[in-house]
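Step one of this worksheet: look at the structure below.
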Amino acid sequence: MDRNEHLIEKRESLKVGGGEARVKRQHDQGKLTARERVTLLLDEGSFQEIGAFVEHESVSFGLDKMKFPGDGVVTGFGTVHGRLIYIFSQDFTVLGGSLSRTHAEKICRIMDLAMQNGAPLIGLNDSGGARIQEGVVSLAGYAEIFYRNTRASGVIPQLSVIMGPCAGGAVYSPALTDFVFMVEETSYMFVTGPNVVKTVTHEEVTSEDLGGAKAHAEKSGVNHFTAANDVEVIKQVRDVLTYMPQNAEELAPKTSHFEYSPAKNKAIKSVLPDNINSPYDIRKVVDSLIDDDSFREVHKDFAKNIVVGFARIEGRTIGVVANQPAALAGVLDIDSSRKGARFVRFCDAFNIPLLVIEDVPGFLPGTDQEWRGIIAHGAKLLYAFSEATVPRITVITRKAYGGAFDVMNSKSIGADLNFAWPTAEIAVMGAKGAAEIIFKREIAAADSPEDKWKEKEAEYADLFANPYRAAERGIIDEVILPEETRAKLILGFKMLENKVETLPKKKHGNIPL
Ligand code: HXC
-13 MDRNEHLIEK
-3 RESLKVGGGE
7 ARVKRQHDQG
17 KLTARERVTL
27 LLDEGSFQEI
37 GAFVEHESVS
47 FGLDKMKFPG
57 DGVVTGFGTV
67 HGRLIYIFSQ
77 DFTVLGGSLS
87 RTHAEKICRI
97 MDLAMQNGAP
107 LIGLNDSGGA
117 RIQEGVVSLA
127 GYAEIFYRNT
137 RASGVIPQLS
147 VIMGPCAGGA
157 VYSPALTDFV
167 FMVEETSYMF
177 VTGPNVVKTV
187 THEEVTSEDL
197 GGAKAHAEKS
207 GVNHFTAAND
217 VEVIKQVRDV
227 LTYMPQNAEE
237 LAPKTSHFEY
247 SPAKNKAIKS
257 VLPDNINSPY
267 DIRKVVDSLI
277 DDDSFREVHK
287 DFAKNIVVGF
297 ARIEGRTIGV
307 VANQPAALAG
317 VLDIDSSRKG
327 ARFVRFCDAF
337 NIPLLVIEDV
347 PGFLPGTDQE
357 WRGIIAHGAK
367 LLYAFSEATV
377 PRITVITRKA
387 YGGAFDVMNS
397 KSIGADLNFA
407 WPTAEIAVMG
417 AKGAAEIIFK
427 REIAAADSPE
437 DKWKEKEAEY
447 ADLFANPYRA
457 AERGIIDEVI
467 LPEETRAKLI
477 LGFKMLENKV
487 ETLPKKKHGN
497 IPL
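Encoded structure:
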């Protein structure tokens, strides 16, 4: 065989990973192989592999007889919608995709290139964790990845896709990245699996219940995006990438084509219910302000009382943070503060302007929230907005009460433009509660305390349950009609396009973690 043929044959052998039986098992589980995933994610023909023939050098426990070219991870670069990205894809068919020293070195090389060349890093995770036969060197390999994830944070977007098991310390690389995508039924993440859980806490729990896509989407908030299968999750990643810049020095790409249905601008007039305390879906407001079909909700099933996600206005990416009156009346609590803060920080790190839609009755009271630290967690959202230097616009649709008003991107914490609809109520608290406190004695002494309370409530509401006191003081910039909002946002974001604001010189801030 001549040398060229030898190479072609060697290349062919890469396709079967850890062997045909294991590939079949992967397919039988509804999973694609590492290479199939890479092919699907990248633009056709754009993949350049790095280290395809790399093998480990370990000898313990028979490893010397278990060598596979590539050592369980496919690494390289390619393009998504014509833009450069770096990728690693773990191959479960090779020793369970377990991470050896060599496997880690391959990932680190890709991470270094991504950083040096300012392009996103996508990790497709499908691994049984540290290669057990190798011992501590594989742990060091993990640590080198964690270190690079941290150094790359805020420099290039990092997306982690969980497409199989992800256990033990392996979960910390995804946790350090910007967004985690999970596949229903076939992926899970946990620090300790069901067996250890049973031994230590005597709880009986399945892998799916403990760390499946649903558990992390709804309960822990570790999972930002869920998909039904490998093909869907890869489509999602390709789509979400279009909203992001290549790195922190650049702007997200502007789409050349966008649509906006005029009917949406009519519909916005009737989104708010007549009763101030009735719920409505804030996503309807968001949708009526942005380009058609451009909203990509992040963390959809976690802390539903706040809605966050990417959208576009006239083709430009924005980040949306909106209180959701349809869940817990849109109140701010621990989880919604954490969710909002993390999203705001991503947008700020990557030059994505922020649009805040506000309808918030305040912070959630109670021992549970106080003892679990709503003070510190709420402060995260306050900190994230205060620190953000990207263009920031707020629209108050209805309630803007108390500390929550300050937190939700108020002008006093650096928002550039604040608008309020005529239905806005910008006050220290709701009229009913306010009347009860400040007219307590008068109400108690009245012949009919109930009537007195109502009278005083109306008096307070008259004075404060509107946007005009705030407008008089310049706390908001303009009271606008709902149907004027999109036009105001277009003008506002255009005006702020070249905004330059720098933070005081510091090593880094100390966000209340
Ligand atoms: C070496 C491994 C492996 C590992 C799986 N394999 N995990 N080899 N190191 N960590 C191998 C198996 O021996 C098997 O080889 C093949 O991969 C497929 O594994 P199965 O068990 O047959 O697959 P499945 O039934 O789907 O179960 C998958 C699994 C299970 C749940 C992931 O394999 C498992 O529990 N693995 C160990 C998980 C673990 O404890 N990892 C260490 C975590 S500690 P053959 O040859 O039979 O096909 C850790 C520390 C990191 O990661 C800390 C960083 C700070």
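Residue numbers (the numbering used here): -13 to 499. Idealized CB from N, CA, C, for every residue including glycine.
heavy atom of ligand 1 below 7 angstroms from residue i C-beta
| i | result |
| --- | --- |
| residue 84 | yes |
| residue 118 | yes |
| residue 81 | yes |
| residue 125 | yes |
| residue 69 | no |
| residue 387 | no |
| residue 156 | yes |
| residue 128 | yes |
| residue 8 | yes |
| residue 114 | yes |
Backbone CA spacing between residue i and residue j [nearest angstrom]
| i | j | result |
| --- | --- | --- |
| residue 454 | residue 478 | 21 angstroms |
| residue 82 | residue 124 | 14 angstroms |
| residue 469 | residue 374 | 28 angstroms |
| residue 234 | residue 28 | 22 angstroms |
| residue 128 | residue 276 | 41 angstroms |
| residue 232 | residue 418 | 50 angstroms |
| residue 261 | residue 371 | 30 angstroms |
| residue 247 | residue 348 | 34 angstroms |
| residue 179 | residue 445 | 59 angstroms |
| residue 88 | residue 41 | 7 angstroms |
| residue -12 | residue 133 | 44 angstroms |
| residue 139 | residue 241 | 26 angstroms |
| residue 278 | residue 303 | 13 angstroms |
| residue 301 | residue 142 | 22 angstroms |
| residue 449 | residue 496 | 39 angstroms |
| residue 16 | residue 173 | 11 angstroms |
Beta bridge counterpart(s) of residue i as assigned by DSSP
| i | result |
| --- | --- |
| residue 378 | 340 |
| residue 500 | As displayed, the chain neither begins before -13 nor continues past 499, which places residue 500 out of reach and without an answer. |
| residue 116 | 85 |
| residue 111 | 148 |
| residue 298 | 303 |
| residue 391 | Answer by DSSP bridge pairing: none, since residue 391 is not bridged. |
| residue 99 | According to DSSP, which records beta bridges pairwise, residue 99 is partnered with nothing at all. |
| residue 346 | 386 |
Proximity below 8 angstroms, CB of residue i to CB of residue j
| i | j | result |
| --- | --- | --- |
| residue 1 | residue 21 | yes |
| residue 503 | residue 35 | The shown model of the chain, from -13 to 499, leaves out residue 503, and the question about it has no answer. |
| residue 318 | residue 364 | yes |
| residue 334 | residue 316 | no |
| residue 271 | residue 383 | yes |
| residue 109 | residue 147 | yes |
| residue 162 | residue 135 | yes |
| residue 342 | residue 368 | no |
| residue 298 | residue 280 | yes |
| residue 199 | residue 169 | yes |
| residue 340 | residue 223 | no |
| residue 150 | residue 39 | no |
| residue 166 | residue 219 | no |
| residue 86 | residue 57 | yes |
| residue 485 | residue 377 | yes |
| residue -4 | residue 37 | no |
| residue 362 | residue 325 | no |
| residue 238 | residue 266 | no |
| residue 379 | residue 401 | yes |
Residue i: first and last residue of the uninterrupted alpha helix (DSSP H) it sits in
| i | result |
| --- | --- |
| residue 219 | 216 to 227 |
| residue 428 | 426 to 431 |
| residue 306 | Careful: residue 306 lies outside any alpha helix (DSSP H), inside the beta strand (DSSP E) at 302 to 309. |
| residue 372 | 360 to 373 |
| residue 122 | 122 to 138 |
| residue 435 | 435 to 450 |
| residue 479 | 471 to 481 |
| residue 241 | No alpha helix (DSSP H) holds residue 241; DSSP gives it neither H nor E. |
| residue 266 | Premise fails: residue 266 is in no alpha helix (DSSP H) and is neither H nor E. |
| residue 38 | No alpha helix (DSSP H) contains residue 38, which DSSP labels as neither H nor E. |
The beta strand (DSSP E) enclosing residue i, as first and last residue numbers
| i | result |
| --- | --- |
| residue 169 | 165 to 169 |
| residue 406 | 403 to 406 |
| residue 63 | 59 to 66 |
| residue 33 | It is not in any beta strand (DSSP E) - residue 33 carries neither H nor E in the DSSP assignment. |
| residue 411 | 411 to 413 |
| residue 231 | Looking at the DSSP string, residue 231 is not in any beta strand (DSSP E), and its letter there is neither H nor E. |
| residue 282 | 282 to 284 |
| residue 76 | 69 to 76 |
| residue 213 | 211 to 213 |
Residue i: CB within 7 angstroms of a non-hydrogen atom of ligand 3
| i | result |
| --- | --- |
| residue 153 | In the structure on display, ligand 3 does not appear, and the ligands it does have are ligand 1. |
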